[in-house]
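Numbering (my numbering), first residue to last: 2 to 208. All C-beta atoms in this analysis are idealised placements derived from N, C-alpha and C, irrespective of residue type, glycine included. The block underneath contains the structure these notes are about, expressed in structure tokens.
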Amino acid sequence: MKKKVIVGIVSILVLVSGGIFYMTHSIPNSHDDVSNVLDEKGVKLYKHGFRLLEEQIATYIKEHYTGVSKIEFSPIFIQGDNKHSMFHANVVPVVYDESGNKAYLGRKIGDQSYGNYGIFWDVRLDFDGSDKEVIEIKVGDEFLEISGSKHLPDKAKLNSKPKIDKNIEALVKDGQLKGVVKNDSGSPKAEVVYNIEIKKGDYSEWH
């Protein structure tokens, strides 16, 4: 009888430890695994498209704002799967002033919400009938096709972007950024750090 009790206890301990191992090792991997949403071609398309979007955003800020020391980006966050929930993909631009203050674009400031950056509103990503990449980026009120570009072409540069302007103005007013002013002298020495890592998660919770 004692033998059976001991064997039972050992079995329970093995199951518990196995479950803990699974929880600590499998869940983080599955969280970062996007293969059930994007296949290999899809991952390549999203990295290409978002790299161009990040360059468009960074170039606009760098060329139209003084007082900026650095511009960086979050990973590309995806949510949903278009089966059980709507698919979204977004990136968060981050601006540093010359004093080292850091501010996130596309976040709420007080009660006011500011536009995010991602598919549908800023960039459209798809494949055509020949399975070739289709990348369209928003310039003004139109979307321009830039699928064959490795870097942002001149035609896709922004002369104005009210969504960015209103957000930066609010960040300065709120004290999150200091000395950042809209001026065509720009910040030519500002460092730019692009990020094309793709992760599952809520972009609004990234810090």
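Integer-rounded CB distance, given that residue j should sit under 8 Å from residue i
i      : j      : result
Ile62  : Ile72  : 6 Å
Val135 : Asp129 : 5 Å
Leu126 : Tyr204 : Wrong, their Cβ atoms sit about 16 Å apart, outside the cutoff.
Span of the beta strand (DSSP E), counted from its first residue to its last, around residue i
i      : result
Glu134 : Glu134 to Val140
Gln80  : Ile77 to Gln80
Leu126 : Val124 to Phe128
His89  : His89 to Val92
From the options, residue whose alpha carbon lies closest to that of residue i
i      : options                           : result
Glu66  : Ser150, Asp40, Glu206 and Ala191  : Checking the sequence, you will find Tyr at residue 66 rather than Glu. Comparing Cα-Cα distances from Tyr66 to each of Ser150, Asp40, Glu206 and Ala191, the minimum goes to Ala191.
Val193 : Phe74, Glu41 and Tyr115           : Phe74
Ala171 : Lys109, Ser188, Lys156 and Lys158 : Lys109
Ser70  : Tyr204, Asp98 and Val93           : Asp98
Gly116 : Gly187, Asp155, Pro94 and Val182  : Pro94
Asn168 : Gln113, Asp203 and Asp185         : Gln113
Lys158 : Asp40, Lys133, Ser186 and Ile138  : Ile138
Simplified DSSP state of residue i, which is helix, strand or coil
i      : result
Gln212 : This structure leaves residue 212 out entirely; the chain is present only between 2 and 208.
Ala104 : strand
Glu206 : helix
Lys71  : strand
Phe144 : strand
Lys201 : strand
Val44  : helix
Gly119 : strand
Ser188 : coil
Glu56  : helix
Enclosing alpha helix (DSSP H) for residue i [first to last residue]
i      : result
Glu192 : Taken as a continuous stretch (DSSP letters only), Glu192 belongs to no alpha helix (DSSP H), being part of the beta strand (DSSP E) at Glu192 to Val194.
Val173 : Pro163 to Lys174
Lys156 : From DSSP, Lys156 is part of no alpha helix (DSSP H); its letter is neither H nor E.
Leu178 : Leu178 -> no alpha helix (DSSP H), and no H or E assigned at all.
Are the region 197–204 and the region 40–59 touching by the rule of at least three beta carbon pairs closer than 8 Å? Segments in contact, yes.
I'd like to know if the region 166–179 and the region 89–105 are in contact, where contact means that at least 3 CB-CB pairs between them fall below 8 Å. Three or more Cβ pairs drawn from the region 166–179 and the region 89–105 lie within less than 8 Å of each other, which places the two stretches in contact.
Contact between the region 115–127 and the region 153–171 is defined here as three or more beta-carbon pairs at a separation below 8 Å; is this criterion met? Note that the region 115–127 touches the region 153–171; at least 3 beta-carbon pairs, one per stretch, sit closer than 8 Å.
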